[in-house]
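A short worksheet on the structure shown next.
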Amino acid sequence: MWFGERKLDDSTELAGAILAHSLRLADGRRMKKGHVLTDGDLDALRQAGIVEITVAITGDDDLSEDVGAALIATALQHYSLRRDDVGTGRVNFHAVADGVMVVNQAAIDALNGVDPAVTVATLPNQALVKAGQMVATVKIIPFAISRFVAEGAAAKVAAPNLMVVHPLRDGLRVSLVQTRVAGTRESVLDKTVRVTGGRLSELHAVLASETRVDHTVGAVAEVLKRDVHGSDLVLVFGASAVTDRGDVVPRAIELAGGTVRHLGMPVDPGNLLVLAEIGGKPVIGAPGCARSPKENGFDWVLQRLCAGLDVDSSDIVAMGVGGLLTEIPLRPHPRETRKRPVVE
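Now the structure itself:
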């Protein structure tokens, strides 16, 4: 593609060239950028007193921006995404259903590295999305793109499932277990039920049961053995935070026949989370911050499980970058207790 200035009295044929910048005609009409010029357009420009215009002239091996964008969008298409019609070199993708967006970052990075003319932008990997929400956009920067470049970019994303919205599972049954010690306020436990119920409702899940027991290994283990049979997921809110695998909640999970898959997470608030399973059913030992409706590391794990995605140690470990979230006011031990002077 050739791009530059051409005089309107130039003998070179300009009909079929692409106008690079919008122009105002003598009669007040506006000729928009990207318009493919006709002989009539050129006469109108001359009548407006315009002597020079900036244009793009495509070659035999070039594709228009729309054709190039559509080619790459077709390679990225997935049934969980609704694709808009192409326009101005852009194709937008929207989620078909509420769910969790999973993106193959390495593949998208490779595509964006093919040529500066080709760009694909997505929401962050593992983002929670709503039906109809825009989740990705393909944009060709120039007015035309080399067929070789466009086809090479499409080949980079020819593998399936590079962008997928995993839908939330409707009616997932969740059991809630809360423990008590001397001095535990029932109002705190009541609030936890309300907050958890609201969280689950947004994820299309159902709070199927809630049980309150003493904060002992035996009491928690007994209710876990019962609840895993009638639910798809169990949440445990301990009266005190888990700080070691020998603590009450991890030991109770193991006594109930379960396995602790990971203790702790590099997301704050949310550090003190326990990820486990009993009989193939996921169990989350919730951090205290999950009693608040504000976003924390517990949400990241819960959202994925509610979308039918497995979560293991490698997933937890990968949450560190971007894992420093907004402080929660009710936290008993804030990160910073006073403002520190800025050292220059």
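Here the sequence shown is numbered in the UniProt record's numbering, starting from 1 and rising by one per residue. Built from N, CA and C at the ideal position, the CB exists for glycine as well.
Please determine if the stretch 268–282 and the stretch 241–260 are in contact, where contact requires at least 3 C-beta pairs separated by less than 8 Å. yes
Look at the Cβ atom of Val118, then the Cβ atom of Leu111, and state whether they are nearer than 9 Å. Contact flag set, yes.
By the three-class DSSP mapping on this structure, what secondary structure does Arg185 have? coil
Please report how far the alpha carbon of Met265 lies from the alpha carbon of Thr243, in whole angstroms. 12 Å
Just mark Trp300 as buried or exposed, buried being the case when its beta carbon has 16 or more other beta carbons within 10 Å. Counting Cβ neighbours within 10 Å, Trp300 comes out buried, since at least 16 surround it.
Coarse secondary structure for Thr54, derived from DSSP in three states: strand
Rounded to the nearest angstrom, what separates residue 376 and Ile284 at their Cα positions? The question about residue 376 has no answer, for the chain in this structure spans 1 to 344.
Just checking my contact of Leu233 with Ile278 at CB under 8 Å: how many whole Å lie between their CB atoms? That pair is no contact at about 11 Å.
Nearest by alpha-carbon distance to Leu172: which of Asp62, His204 and Ala70 is it? His204
Rounding to the nearest angstrom, what Cα-Cα distance links Val317 and Gly280 in this structure? 21 Å
Taking buried to mean at least 16 other C-beta atoms within 10 Å of its own C-beta, is Arg291 buried or exposed? buried
For residue 383, the first and last residue of its enclosing beta strand (DSSP E): The question about residue 383 has no answer, for the chain in this structure spans 1 to 344.
My assumption, with CB atoms under 8 Å, is that Thr184 sits in contact with Phe237. Please give the rounded CB distance. The Cβ separation is near 11 Å, so there is no contact.
Three-state class that DSSP yields for Leu255 in the structure shown: Three-state result, Leu255: helix.
Report yes if the CB atom of Phe143 is closer than 9 Å to the CB atom of Ser64, and no otherwise. Yes, the Cβ-Cβ distance between Phe143 and Ser64 is below 9 Å.
Taking the C-alpha atoms as reference points, what is the distance between Ile108 and Arg212? 47 Å
For my contact list, Ile72 and Ala154 are in at a C-beta cut-off of 8 Å; report their separation, rounded to the angstrom. 5 Å
Range covered by the beta strand (DSSP E) that runs through Ser175: Leu172 to Arg180
Three or more beta-carbon pairs under 8 Å between the stretch 120–128 and the stretch 82–90, yes or no? no
Bridge-paired residues (DSSP) for Asp115: Answer is none; Asp115 lacks a bridge partner.
Local Cβ density within 10 Å of Arg304, reported as buried at 16 or more and exposed below that: In summary, Arg304 is buried, with 16 or more beta-carbon neighbours lying within 10 Å of its beta-carbon over all protein chains present.
Please name the residue or residues paired with Val91 in a DSSP beta bridge. Val138
Work out the CA separation of Gly89 and Val67 for me, nearest whole Å. 8 Å
Closest to Pro39 by C-alpha separation, out of Asp27, Leu19 and Gly28, would be which residue? The sequence shown places Asp at residue 39, not Pro. In terms of CA proximity to Asp39, Leu19 leads the group Asp27, Leu19 and Gly28.
Run through DSSP, which three-state label would Ala208 get? If DSSP states are grouped into helix, strand and coil, Ala208 belongs with the strands.
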